[in-house]
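What follows is a set of notes on a single structure, which appears directly below.
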Amino acid sequence: MVAVGRTLTQPPKHVQSPRSRPKRSNDTAMATTTSPLPFQVHHGPHVAIFPLMAKGHTMPLLDLACLLRGRGLADVTFVTTPGNASFVRAALRRGGAGDAAVLELAYPAAGRAPAGGEGAEGVASASSFAAFAESTSALRPRFEEALAALRTPASLLVADGFLYWAHASAAALGVPSVSFLGTSAFAHVARDAFVRDKPGAPAASPQLDDDDDDDDATTATYYTAPEFPHLQFSIRDLVPPPLPLIDLDAKMAAAVAASRGLIVNTFYDLEGRYIEHWNHHIGPKVWAIGPLWLARQSTSSFSGTGSELHAKPSWMQWLDEMAAAGKPVVYISLGTLAAISDAQLKEVADGLDMAGVNFLWALRPDNNSDDLGTGYDEESVVGRGNKVVREWVDQRQILRHPSVRGFVSHCGWNSVLESVAAGVPLVAWPCEFEQPMNAKFVVDELRIGVRVHASDGAIGGLVKSEEITRAVKEVMFGEAATAMALRVTEIAAQAQLAVSDGGSSWKEVEEMISELCVW
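Under my numbering, the first residue of the sequence shown carries the number 1, and numbering increases by one thereafter.
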């Protein structure tokens, strides 16, 4: 996420400058557009959307594209790479935005595509994720040429915050831009306070004698931001990112400060307090237009990875069977970017088994260990009435299934918002990045989840089976579970109202297009 310091201020209103077209390169394979171009004859807003090439970053912006087309607010050009184009086109068709243009930018032959290919799903660490994001700058010359060459100029660019360079490109062409940041307003506000106050840095205590050798007393255990005294953060959760990510954060922060605002996939009833704090004290303006996946109009019950799926997937059939048998299910997925060790896989399997609840467990394909626990391989998991999948699944559909009563999640913001909108309580298991902040929001602010902790208390440490059992039982059974279920059901209703006609997010997206688009 962006490490935004206190120097960020609301930038001045963008004044459109004359469009200048960069000199065309000699590489004729610059970009291809393979979808209809209705915007070529339309004189209203035309929004170019450019996500980072990772599913968790692309899907919310696909939802935005479908929302803009479905409501007739703007024409859309969606920018991606050839390796991701089929997924993008299929999702746009299913979302009723098949008339949007898809602009493919190929990595230059002399340049270098990311080591893991054109998507971040193979990335295994924060440092390698930073390297992946930085490698996208090889697309900059082709992006600038393609943006300048659009037959109907773009009136607004929505670019992922990790594509910081795209905002400078847009500014050079006189195109207003906004950043899309795929986490919560709460996490951004908290991070701003951390950058300012630097909690956890060793400091001498005036109460200590000179000969006192208690090292623990010189370092705080918890941190409370003055603006939000009701929240107490564990210093263990505030793990500094690796240096490559810090450097990337600085570039992102500068791009955000120079942009016309931030799109955050959230809504006012959920995060109004933190949205207002950001807008009044940090800036630039947050455009809260979510939950985007509820706002868009979908024309298909299921999503695939590139081709339309007509048959009900095996995991959905299994959930139907659980519902018919009256068996509640806990769903577990720790995200597409988190690599899980074999030792942790075993602890998860044993913990779920001891909890005595049926579960659907979505694993990354490269988590290929068949041994999921002590005497508990994948075959025996299925034999005990559970299901493990090692393929892309439609998490949104899973969470909305009536049999699913709990979600063990890494607390990436997409997953949190999808669970909230579906009315499903969470077992909060943050692994990296801003996830501890999202977990804090889920457990202490919303009161719709239970936190699990590693045996050594560290983020990314081994979580033992007993801890997993405790948290799953607390979310699935008993009075506390009932209270969490009622609370998250109320929030889900608020989410639906936000994206309905006249709701806060419904109006916000209209205001954003009206205020920012230049055409």
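By construction, the Cβ of each residue, glycine as well, lies at the ideal position given by its N, Cα and C atoms.
Is DSSP giving residue i helix, strand or coil here?
{"i": "Glu104", "result": "strand"}
{"i": "Thr482", "result": "helix"}
{"i": "Gly351", "result": "helix"}
{"i": "Thr58", "result": "helix"}
{"i": "Ala362", "result": "strand"}
{"i": "His46", "result": "strand"}
{"i": "Arg390", "result": "coil"}
{"i": "Thr152", "result": "coil"}
{"i": "Gly75", "result": "Reading the sequence as shown, one finds Asp at residue 75 and not Gly. Reduced to three states, the DSSP call for Asp75 is strand."}
{"i": "Lys23", "result": "Bear in mind that the predicted position of Lys23 carries a pLDDT of just 43, short of 50, making it unreliable; the figure below should be weighed with that in mind. Note: Lys23 maps to coil in three-state DSSP."}
{"i": "Arg405", "result": "strand"}
{"i": "Leu429", "result": "A small correction: the amino acid at residue 429 is Trp; Leu does not occupy that position in the sequence shown. Residue state, collapsed to three classes: coil."}
{"i": "Phe228", "result": "coil"}
{"i": "Val416", "result": "helix"}
{"i": "Gly304", "result": "Annotation note: pLDDT 45 at Gly304 (below 50); position unreliable, no value reported."}
{"i": "Ala159", "result": "strand"}
{"i": "Gly83", "result": "helix"}
{"i": "Ile448", "result": "coil"}
{"i": "Ser184", "result": "coil"}
Within a Cβ cutoff of 8 Å, which residues of the same chain sit near residue i, ignoring the five residues on either side of it in sequence?
{"i": "Asp70", "result": "A small correction: the amino acid at residue 70 is Gly; Asp does not occupy that position in the sequence shown. Excluding residues within five positions, the ones whose Cβ falls inside 8 Å are Gly95, Gly96, Ala97, Arg296, Gln297."}
{"i": "Pro240", "result": "Ile246"}
{"i": "Ile340", "result": "Leu334, Val348, Leu363, Arg364, Asn367"}
{"i": "Leu147", "result": "Ala48, Ala154, Leu157, Ser169, Ala170, Leu173, Val175"}
Measure the C-alpha to C-alpha separation of residue i and residue j and round it to an integer number of angstroms.
{"i": "Gln395", "j": "Gly335", "result": "10 Å"}
{"i": "Gly601", "j": "Pro284", "result": "Since the first residue shown for the chain is 1 and the last is 519, residue 601 is missing from the structure and cannot be characterised."}
{"i": "Glu432", "j": "Gly272", "result": "25 Å"}
{"i": "Glu434", "j": "Gly326", "result": "36 Å"}
{"i": "Leu173", "j": "Val189", "result": "31 Å"}
{"i": "Phe359", "j": "Ala126", "result": "29 Å"}
{"i": "Ser135", "j": "Gly161", "result": "14 Å"}
{"i": "Tyr268", "j": "Val357", "result": "35 Å"}
{"i": "Arg196", "j": "Ala225", "result": "10 Å"}
{"i": "Arg93", "j": "Ala100", "result": "9 Å"}
{"i": "Ser86", "j": "Leu103", "result": "11 Å"}
{"i": "Pro229", "j": "Pro313", "result": "47 Å"}
{"i": "Ser179", "j": "Trp287", "result": "10 Å"}
{"i": "Lys507", "j": "Ala454", "result": "42 Å"}
{"i": "His57", "j": "Ser234", "result": "28 Å"}
{"i": "Glu145", "j": "Ser137", "result": "14 Å"}
{"i": "Lys251", "j": "Ala131", "result": "13 Å"}
{"i": "Val388", "j": "Trp361", "result": "5 Å"}
{"i": "Asp249", "j": "Gly460", "result": "21 Å"}
{"i": "Asp211", "j": "Tyr222", "result": "Because the pLDDT of Asp211 is 45, which lies under 50, any placement of that residue in the model is unreliable, and the number read from its coordinates should be weighed accordingly. Rounded to whole angstroms, Asp211 to Tyr222 spans 25 Å at the Cα level."}
{"i": "Glu445", "j": "Thr489", "result": "15 Å"}
{"i": "Arg89", "j": "Leu62", "result": "10 Å"}
Can you name, in chain order, every residue of its own chain whose Cβ lies under 6 Å from the Cβ of residue i, other than the five neighbours on each side?
{"i": "Ala426", "result": "For the sequence presented, residue 426 should be read as Leu rather than Ala. Taken in chain order, the residues that qualify are Phe407, Ser409, Ser419, Val442, Gly449."}
{"i": "Ser403", "result": "Leu319, Met322, Ala323, Val329"}
{"i": "Val509", "result": "Ile289"}
{"i": "Gly457", "result": "Arg236"}
{"i": "Ala255", "result": "Tyr164, His167"}
{"i": "Ala471", "result": "Val427, Val450, Val452"}
{"i": "Met484", "result": "Pro425, Ile448"}
{"i": "Pro291", "result": "Leu417, Ala421, Ala495"}
Cα-Cα, which of the options is closest to residue i?
{"i": "Ala355", "options": "Gly72, Asp75, Val475, Val416", "result": "Val475"}
{"i": "Asn84", "options": "Ile513, His188, Leu105", "result": "Leu105"}
{"i": "Leu270", "options": "Pro313, Ser234, Ala185", "result": "Ala185"}
{"i": "Pro45", "options": "Arg236, Val158, Thr224", "result": "Val158"}
{"i": "Leu150", "options": "Ala138, Val79, Glu118, Phe162", "result": "Val79"}
{"i": "Glu466", "options": "Gln232, Thr183, Asp353, Thr489", "result": "Asp353"}
{"i": "Asn265", "options": "Gly182, Leu294, Gly72", "result": "Gly182"}
{"i": "Arg400", "options": "Trp413, Val424, Val416", "result": "Val424"}
{"i": "Pro82", "options": "Gly72, Met53, Pro60, Val76", "result": "Met53"}
{"i": "Ile398", "options": "Gln494, Gly461, Tyr331, Ala481", "result": "Tyr331"}
{"i": "Ser415", "options": "Met59, Phe50, Leu486", "result": "Met59"}
{"i": "Lys199", "options": "Leu238, Arg487, Met252, Thr469", "result": "It is worth fixing the name first, because residue 199 is Pro in this sequence and not Lys. Among Leu238, Arg487, Met252, Thr469, the Cα nearest to that of Pro199 is on Leu238."}
{"i": "Gly119", "options": "Pro51, Cys66, Leu68, Phe477", "result": "Pro51"}
{"i": "His277", "options": "Ala187, Ala91, Leu446", "result": "Ala187"}
{"i": "Gly478", "options": "Leu139, Arg405, Asp63", "result": "Arg405"}
{"i": "Ala492", "options": "Ala421, Ile468, Gly351", "result": "Ala421"}
{"i": "Pro244", "options": "Lys55, Met512, Lys473, Ala133", "result": "Ala133"}
Leaving out five residues on either side along the sequence, give the residues of the same chain with a beta carbon under 7 Å from the beta carbon of residue i.
{"i": "Leu497", "result": "Gly503"}
{"i": "Ala439", "result": "Cys411, Ala428, Pro430, Arg451"}
{"i": "Val41", "result": "Because Val41 carries a pLDDT of 44, less than 50, the predicted location of this residue cannot be relied on, and no value is offered for it."}
{"i": "Ala65", "result": "Ile49, Val76, Phe78, Leu92, Ala97, Ala100"}
{"i": "Ser500", "result": "Trp506"}
Check whether the Cβ of residue i sits closer than 7 Å to any heavy atom of the ligand ADP, and report yes or no.
{"i": "Ala471", "result": "The ligand ADP is not part of the structure shown, which contains no ligands of any sort."}
At what residue ranges does the region 456 to 503 contain a whole run of the alpha helix (DSSP H), taking only runs of 4 or more? 465 to 476, 478 to 499
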